[in-house]
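Be aware that the sequence shown starts at 1, since it is given in UniProt numbering, and climbs by one per residue. Ideal Cβ positions, reconstructed from N, Cα and C, are used throughout, including at glycine. Input: a single structure, listed below in structure tokens.
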Amino acid sequence: MLKDFVQDSPIISVELERGARGFGFSIRGGQEFGAMPLFVLRIAEDGPAANDGRLRVGDQLISINGRDTKGLTHEEAIQLIKQHPTVRLTVRRHRLP
1 MLKDFVQDSP IISVELERGA RGFGFSIRGG QEFGAMPLFV LRIAEDGPAA
51 NDGRLRVGDQ LISINGRDTK GLTHEEAIQL IKQHPTVRLT VRRHRLP
């Protein structure tokens, strides 16, 4: 049942350009948190992520700039996000059953 839930969750690609205060979102999770997947924790009001409208709180980060997020620490994920003026994210949007 959980497998069906995950398979039915849509995959969304998002590309954001860095604004004056970053990309406008924060994340939670990472390898150091018991291998917790990386999730979008917060979307900053009027930031690039909010203005784009595709990224949502609770989205699971599957890849950052083409790199799989499995096994990444929180800090490694942050560094990948900050690496370029544009970030490409692939996220899974979980729907509640």
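Which word fits Leu72, buried or exposed, when buried means at least 16 other C-beta atoms lie within 10 angstroms of its C-beta? By the C-beta density criterion, Leu72 is buried, having at least 16 other C-beta atoms within 10 angstroms.
In angstroms, rounded to a whole number, what distance separates the CA positions of Leu2 and Ser9? For Leu2, the predicted model reports a pLDDT of 47, less than 50, meaning its position is unreliable; a value from the coordinates is still stated below. For Leu2 and Ser9, the distance between alpha carbons rounds to 11 Å.
Three-state class that DSSP yields for Asp52 in the structure shown: Helix, per DSSP.
Proximity to Leu38 [Cα-Cα], best of Asp68, Gln83 and Gly47: Closest option to Leu38, Cα to Cα, is Asp68.
Through-space distance from Gly24 to Gly58, alpha-carbon basis: Roughly 15 Å separates the two Cα atoms.
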